[in-house]
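For reference, the structure is listed below as structure tokens.
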Ligand SMILES: [Zn+2]
Ligand SMILES: [Zn+2]
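Laid out in structure tokens, this is it:
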């Protein structure tokens, strides 16, 4: 299955927790958002998905494209 890219929809987030710009579909993990920054979102503070330390390698196992807390700005 080829990896494809589409524009992200409101409420979809990057693995770093930022709002996603694009979503890659067809990955072995399913759809994954990307915010457009390659810093991995490894800012200070806990992982937005599991509340633990930031993950240096790969995405959080609790990552969801549309987490419950991701509300599009009004
Ligand atoms: Zn990001
Ligand atoms: Zn995490």
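Residue numbers (the numbering used here): 7 to 80. Every residue, glycine too, gets a C-beta built ideally from N, C-alpha and C.
- With at least 16 other beta carbons inside 10 angstroms of its own, residue 21 counts as buried.
- Relative to residue 27, the option among 7, 60, 44, 63 whose CA is nearest is 44.
- Judged by their CB atoms, residue 32 and residue 8 are nearer to each other than the 8 Å cut-off.
- Straight across, the Cα-Cα distance linking residue 60 with residue 68 is about 12 Å.
- Around the Cβ of residue 63, a 10 Å sphere holds fewer than 16 other Cβ atoms; the residue is exposed.
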